[in-house]
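Numbering (numbering that gives the first Met the number 0), first residue to last: 0 to 79.
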Amino acid sequence: MRTTVRLNDNFLRQVKREAAKRGETLTSMIEQGLRLLLAVRKPSRRKRIELPVSSVGGGTLPGVDLSNNASLLDIMEGRK
């Protein structure tokens, strides 16, 4: 599955160098890191909270296309 991940440029270069040294892909390095993180994750001790659900209809604001992540990013970062 494809997804978009935003990483710090310097960090990305460092990870790419390490992947090349190991003869691995960037994808495999990311997967390994995430698997390791999930393996050592401790259960949360926080109480589960219920968030209110709006009963007001209406959908998204004009110009917001939820199927276009690049456009959403532009809107969220104030470029649109």
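Cβ atoms here follow ideal geometry from the backbone N, Cα and C, with glycine treated the same way.
- Considering only Q13, T26, K20, the residue with the shortest C-alpha distance to V4 is T26.
- According to the DSSP assignment, G32 belongs to the alpha helix (DSSP H) that extends over 25 to 38.
- For R5, the secondary structure class from DSSP, reduced to helix, strand or coil, is coil.
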